[in-house]
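Working notes, beginning with the structure itself.
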RNA sequence: UGCCUGAUGGUGUAAUUGGCAACACGUCUGAUUUUGGUUCAGAAGAGUCCAGGUUCGAGCCCUGGUCGGGCAACCA
């Protein structure tokens, strides 16, 4: 397993990192000697969908805390609803957490591991008169529960005898009743201002096959009943979750109170979930985008899923830096996507090899260069990394440059190629545009240049300065490639923020995917493998897509380079 | 009309828990540069939701408002 999350803190910037409110709570607990000074966190996904960057934040937070406080971190699947959960999701989640570098060591658990214990405890709670079997339908129970402003009323079955409850519960387990016929409810308080305390359901009957326990059970525990107890069984000290569970905390504590023995007690702490501009994060909406074909799948590089980001070219390290910059707090937030992009650029800038790739090729002929001469020119792999070495790039009379790097009638400060103007070809020569040729549509077809042989990079006369430097690729050596350019999936900053009755999908960006077919890349890219990361010089960071083969290279644009030129020209 | 919870530059997050608001992203200058990238130097931008109060002193404490988010699944 990689260990990108291991390093306590990267001290780039040397700033003293301030501590977030959760760490402050943990410090306080430690000071008070709680739980024998143990710190133990967990990440508890439900295997009913793919993980997204919000989960990544949570994983990084929980794992990071376990590292920081010398504690432990568990991965636990909250698999209490067999009607929604599948092995496919378990597998993808395992992959994603592993890829992020969060190490659960030998502590991979499932809430379903605890079904027997939960069942026993339920008998105990029933025996103590604190839970009962209710025969009513979901609709009736819901009605009786009242509303936030109106107290609920008691079920006619609320005061059954312990014996009857026990008997019914055992028969529920034995499969004597159909789905929905009965539930077990905690006996708490129908008048509580907190809806979750109005005799919440602990068990429902579900004759369904579970991905791990098969047909062993036909009753399944509800989240509230299973979660705190699972934490308790695993010795979790700080059970970190998102804000919507804040109202569940009294119930979490109530359930723990029913079974607690001794000093140890898990504690639930809530933080605000991550939101990112121009993105949707809800599982339901992400599923819809996949199911209805708005994207190619869960790992579509435009998706905010972990597998999508991975395919897009994001690194675990970049997501960790992102999570650190975002911070942890309780107020609602919308993080600027620019911060995400900044994070991946920062990582890739120091690690990605610089290569030559031309997205929209324009033929250049060096008229004073020998017809059959071929040179090998020395090229640095990464100026930010002295250890990255060099490689040789073939150069010849005919080249491709980027279409947008030539203009017949350029504006002031266009430091690129134009009639009479000089530019440097990166790692090669300074050339001057002498003329150009149009095709039948009036488009520039070929640009004719002369080169100054004295100016070859690294040579005697290479010191001469020109205003612009272009990337290029030798026409006869170039390799064809398909390049996929991604833009934000939504055009609205808060896509879900739509008027009544309007679907958020109206905010989908129709131009979020652009596929370029006849791109020309340097020959060294021929042997690239999916996941390899590069900087296409002057353009952006790219990675080899999983669709790529030796005969059909496919690259994804992870993120463009910052570009102050097109910006000033808008 | 109930309960829980939050409010600090455009966006996030800080502020030794009472001592005249910091860092990052973004924005804008300028320098360097064989990537209009990187790097470097600098600038603008909040007086901390509002109104009272306590105090020599309040973003931090108190009172009352305002606004935002969450809560009524046999989902998690």
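Numbering (our numbering), first residue to last: 561 to 1130.
Every residue gets a Cβ at the ideal spot worked out from N, C-alpha and C, and that includes glycine.
**OP:** Would you kindly work out how many angstroms separate the C-alpha atoms of residue 780 and residue 699, rounded to a whole number?
**Re:** Rounded to the nearest angstrom, the two C-alpha atoms are 19 Å apart.
Original post:
Could you give the C-beta distance for residue 1132 and residue 894, rounded to a whole number, given that I count them as a contact under 8 Å?
Top reply: Nothing about residue 1132 can be read from this structure; the chain reaches only from 561 to 1130.
**OP:** Within the same chain, show all residues whose beta-carbon is closer than 8 Å to that of residue 720, passing over the 5 residues directly before and after it, in chain order.
**Re:** 692, 693 and 728
Original post:
Residues bridged to residue 770 by DSSP?
Top reply: Residue 770 pairs with 774.
Original post:
Do the segment 1028-1037 and the segment 916-931 make contact, defined as three or more Cβ pairs closer than 8 Å?
Top reply: Two segments are said to touch when three or more pairs of C-beta atoms, one from each, lie closer than 8 Å; by this definition the segment 1028-1037 touches the segment 916-931.
Subject >> the segment 854-867 in contact with the segment 1063-1080 per 3-pair CB rule at 8 Å >> reply: yes
Subject >> Spatially closest choice to residue 643 from 696, 777 and 628, by CA coordinates >> reply: When each option's Cα is compared against that of residue 643, the closest is 777.
Subject >> Residue ranges of each alpha helix (DSSP H) within the segment 673-718, 4 or longer >> reply: 675-687 and 698-704
**OP:** Kindly indicate the opening and closing residues of the beta strand (DSSP E) around residue 1118.
**Re:** 1113-1120
Original post:
Relative to the C-alpha of residue 1047, which residue among 1018, 1120 and 988 is closest?
Top reply: 1120
Subject >> Complete runs of the alpha helix (DSSP H) confined to the segment 822-853 [at least 4 residues] >> reply: 843-851
**OP:** Determine the burial state of residue 826: buried for a count of at least 16 other Cβ atoms within 10 Å of its Cβ, exposed for fewer.
**Re:** Burial call: buried.
Subject >> For residue 1022, three-class secondary structure by DSSP >> reply: Of the three classes helix, strand and coil, the one that applies to residue 1022 here is helix, per DSSP.
**OP:** Go ahead and pull the three-state DSSP assignment for residue 1058.
**Re:** coil
Original post:
Any idea if residue 968 is buried or exposed, counting beta-carbon neighbours within 10 angstroms, 16 or more meaning buried?
Top reply: Under this definition residue 968 is an exposed residue.
Subject >> Expected contact under 8 Å - CB spacing of residue 705 and residue 671 to nearest Å >> reply: That belief does not hold up - the Cβ atoms of residue 705 and residue 671 are roughly 25 Å apart, past 8 Å.
Original post:
Can the beta-carbon of residue 997 be found closer than 7 Å to that of residue 1006?
Top reply: Between residue 997 and residue 1006, the CB-CB gap stays under 7 Å.
**OP:** Taking only runs that begin and end inside the segment 721-809, name each unbroken beta strand (DSSP E) of 3 or more residues, in chain order.
**Re:** 743-746, 761-765, 779-781 and 798-802
Subject >> Assigned secondary structure, residue 649 (DSSP; H/G/I helix, E/B strand, else coil) >> reply: helix
Original post:
Does the beta-carbon distance from residue 1083 to residue 1104 come in below 7 Å?
Top reply: no
Original post:
Between which two residues does the alpha helix (DSSP H) harbouring residue 589 extend?
Top reply: 581-591
Subject >> Cβ-Cβ distance between residue 743 and residue 730 below 7 Å >> reply: no
**OP:** Helix, strand or coil for residue 962, going by three-state DSSP, please let me know.
**Re:** strand
Original post:
Considering residue 1164, what are the terminal residues of the alpha helix (DSSP H) in which it resides?
Top reply: As displayed, the chain neither begins before 561 nor continues past 1130, which places residue 1164 out of reach and without an answer.
Original post:
Within the chosen definition, does the segment 654-666 reach the segment 610-629 through at least 3 CB pairs nearer than 8 Å?
Top reply: yes
Original post:
Going by Cα to Cα distance, which pick from 889, 1113, 958 and 946 is closest to residue 832?
Top reply: 889
Subject >> Closest Cα partner of residue 1098 within the set 1113, 1112, 1077 and 985 >> reply: 985
**OP:** Could you please give me the residues that DSSP links to residue 634 through a beta bridge?
**Re:** 602
Original post:
Among residues of its own chain, excluding the 5 on either side of residue 860, which ones have a beta-carbon nearer than 7 Å to its beta-carbon?
Top reply: 868
Original post:
Can the beta-carbon of residue 1118 be found closer than 7 Å to that of residue 1101?
Top reply: Cβ atoms of residue 1118 and residue 1101: closer than 7 Å.
**OP:** Determine the extent of the beta strand (DSSP E) in which residue 1038 is found, giving its start and end residues.
**Re:** Segment: none, residue 1038 is in no beta strand (DSSP E) and carries neither H nor E.
Original post:
Taking the C-alpha atoms as reference points, what is the distance between residue 639 and residue 801?
Top reply: The straight-line gap from Cα to Cα measures roughly 16 Å.
**OP:** Whole angstroms is fine: what's the gap from residue 902's alpha carbon to residue 703's?
**Re:** 50 Å
Original post:
Roughly how many whole angstroms lie between the Cα atoms of residue 568 and residue 824?
Top reply: With a pLDDT of 36 at residue 568, under the threshold of 50, the predicted position of this residue should be treated as unreliable, and no value is reported.
Subject >> residue 815 - partner residues in DSSP beta bridges >> reply: Under DSSP, residue 815 forms no beta bridge with any residue.
Original post:
Which term fits residue 758, buried or exposed, when burial requires 16 or more other beta carbons within 10 angstroms of its beta carbon?
Top reply: buried
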